[in-house]
Amino acid sequence: MSRSLEMLSAERDAAKALTEQLTTGQAVVEIDTGLIDASIVPDRLTGVDEKHPALVESIRANGQLVPVLLRPHPTGPGRFQIAYGHRRVRALAELGHPARAVVRDLSDEDLVVAQGKENGEREDLSFIERATYAAALEDRGFKREIIMAALSVDKTELSRLITVARALPRSLVDAIGPAPKTGRRRWMELAERMVGRHDQKALADSVASDRFVRATSDERFAIAFVALAPRKPKAPRPTTWTDDDGKKIVKIERRADRVTLALDEKAAPAFGDFVISRLPELYRAFREGRTDE
1 MSRSLEMLSA ERDAAKALTE QLTTGQAVVE IDTGLIDASI VPDRLTGVDE KHPALVESIR
61 ANGQLVPVLL RPHPTGPGRF QIAYGHRRVR ALAELGHPAR AVVRDLSDED LVVAQGKENG
121 EREDLSFIER ATYAAALEDR GFKREIIMAA LSVDKTELSR LITVARALPR SLVDAIGPAP
181 KTGRRRWMEL AERMVGRHDQ KALADSVASD RFVRATSDER FAIAFVALAP RKPKAPRPTT
241 WTDDDGKKIV KIERRADRVT LALDEKAAPA FGDFVISRLP ELYRAFREGR TDE
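Okay, so the sequence shown: first residue is 1 according to full-length UniProt numbering, each after it adds one.
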């Protein structure tokens with residue numbers, strides 16, 4: 001009886017020690033991926049992850065080399081929530097492997113800061129993923145100081161991130177995807193092109209095209225960028241001046257910055273030379289007329 005009590009006590013102490021190790025992040029444990037839920041704020045765009053197949057094959061060949069960070073789920077007993085490592089958990093679930101994880105007690109603020117810093121250190125998030133993540137954190141009520149800490153950015157850069165995320169329809173961002181090679185300047189230009197664009201048929205047609213669907217994420221950005229290019233104003237049609245006999249003598253083309261007169265030498269031989277010789281006189285008369293106004 002005494003030995004049984006000692007064994008029960010030892011098991012209880014071991015379980016307590018393991019729990020402390022888990023919640024303080026002192027141990028790496030294996031956890032069924034079916035017990036793991038996504039972070040409170042996703043930092044990845046939905047859609048196709050072009051790097052996912054390579055990650056699956058890497059884990060299949062070499063195993064999971066880097067643990068993910070989890071916290072006990074705040075509202076789901078026995079479940080866990082990802083701080084970082086979403087792509088690894090997804091790959092492990094596909095392979096049917098448990099996830100090697102560090103489990104820590106984290107507040108919501110601690111979780112998003114850890115999530116952001118891990119991605120920032122690995123330069124794993126594209127500009128638009130950082131932008132949508134920043135906007136999502138703000139929508140969840142996180143203070144900007146917390147968001148800046150999570151993304152390791154200053155006030156100016158955070159403002160740029162959120163401005164771009166707010167300017168673009170989320171459906172368009174999800175359709176394009178992370179576009180890892182497309183930087184801040186191009187995304188800001190795309191956001192500027194969206195301003196005041198009420199007619200978006202060209203964009204909708206481009207996004208629905210087979211070419212867009214087959215393209216990589218960066219290629220999809222380029223297609224959308226072209227579809228939102230400013231429209232060139234239509235040039236007015238040329239007009240014609242005719243003489244009293246009805247002959248078409250001069251073709252007149254107007255642009256925003258010039259007027260072009262094309263004199264038909266067949267219809268009025270030598271008229272071009274005559275006009276040229278009278279240009280000084282015409283210009284003086286024009287200026288004097290403007291002075292009299």
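Even for Gly, the Cβ is constructed at its ideal location relative to N, Cα and C.
Sequence-distant residues of its chain with Cβ nearer than 8 Å to Q21 (five each side left out): As a first step, residue 21 must be located in the sequence shown, where it is residue number 21. Low per-residue confidence applies at Q21: pLDDT is 47, beneath 50, and the placement is therefore not dependable, though the value from the model is reported in the following sentence. If we look at Q21 and ignore the five residues flanking it on each side, its Cβ neighbours are A27.
Completely contained alpha helix (DSSP H) runs for the segment 205 to 235, where each covers 4 or more residues: 210 to 214 and 217 to 227
Simplified DSSP assignment, three categories, for Q81: Walking along the sequence shown from the start, residue 81 turns up at place 81. It is a strand residue.
Cβ contact check for the segment 248 to 257 and the segment 207 to 222: 3 or more pairs under 8 Å: The segment 207 to 222 and the segment 248 to 257 do not touch, with fewer than three beta-carbon pairs separated by less than 8 Å.
Where the beta strand (DSSP E) through E253 begins and ends: To locate residue 253, count along the sequence shown from 1; it is residue 253. Here the beta strand (DSSP E) through E253 covers K248 to R254.
CB of V112 within 9 Å of CB of L69, strictly: Residue mapping note: residue 112 aligns to position 112 of the sequence shown, counting from 1. Residue mapping note: residue 69 aligns to position 69 of the sequence shown, counting from 1. Not in contact: V112 and L69 (Cβ atoms no closer than 9 Å).
D154 - partner residues in DSSP beta bridges: The residue given as residue 154 occupies position 154 in the sequence shown. Per DSSP, none; premise fails for D154.
Extent of the continuous beta strand (DSSP E) to which R71 belongs: By 1-based counting over the sequence shown, the position of residue 71 is 71. Run containing R71: V68 to P72, per the beta strand (DSSP E) assignment.
Neighbour-count burial assignment, G34, 16 or more Cβ in a 10 Å radius: Residue 34 sits at position 34 when you count from the first residue of the sequence shown. With fewer than 16 other Cβ atoms within 10 Å, it is exposed.
Cα-Cα separation between A179 and T132, rounded to whole angstroms: As a first step, residue 179 must be located in the sequence shown, where it is residue number 179. As a first step, residue 132 must be located in the sequence shown, where it is residue number 132. Rounded to whole angstroms, A179 to T132 spans 13 Å at the Cα level.
Three-state class that DSSP yields for I146 in the structure shown: The count along the sequence shown starts at 1 and reaches residue 146 at position 146. DSSP places I146 in helix when its eight states are reduced to three.
Identified DSSP bridge partners for W241: For this step, residue 241 is matched to residue 241 along the sequence shown. Partner(s): V250.
Touching by the beta-carbon criterion (3+ pairs, under 8 Å), the segment 131 to 148 and the segment 91 to 101: no
Span separating the alpha-carbon of R184 from that of V226: What you label residue 184 is simply residue 184 of the sequence shown in a count that begins at 1. What you label residue 226 is simply residue 226 of the sequence shown in a count that begins at 1. Each residue's Cα considered, the two are about 17 Å apart.
G196 burial status per 10 Å Cβ neighbour count (16 or more: buried): One-based indexing of the sequence shown puts residue 196 at position 196. Answer is exposed; the Cβ neighbour count stays below 16.
Boundaries of the alpha helix (DSSP H) in which T132 is found, first to last residue: Within the sequence shown, the letter at position 132 stands for residue 132. Here the alpha helix (DSSP H) through T132 covers F127 to D139.
Three-state class that DSSP yields for D174 in the structure shown: In the sequence shown, counting from the first residue as 1, residue 174 sits at position 174. D174 falls in the helix class under three-state DSSP.
Buried or exposed (CB count within 10 angstroms, at least 16 for buried), S126: As a working note, residue 126 is residue 126 in the sequence shown. It counts as buried.
Residue interval of the beta strand (DSSP E) (run including R100): Counting from one through the sequence shown, the residue named residue 100 turns up at place 100. Taken as a continuous stretch (DSSP letters only), the beta strand (DSSP E) holding R100 covers A99 to R104.
Contact under 9 Å by Cβ, S152 with A83: As a working note, residue 152 is residue 152 in the sequence shown. As a working note, residue 83 is residue 83 in the sequence shown. With respect to the 9 Å criterion, S152 and A83 are not classified as neighbours on the basis of their beta carbons.
Cα-Cα separation, I276 to G246: If you number the sequence shown from 1, residue 276 lands on position 276. If you number the sequence shown from 1, residue 246 lands on position 246. Cα to Cα, I276 sits roughly 23 Å from G246.
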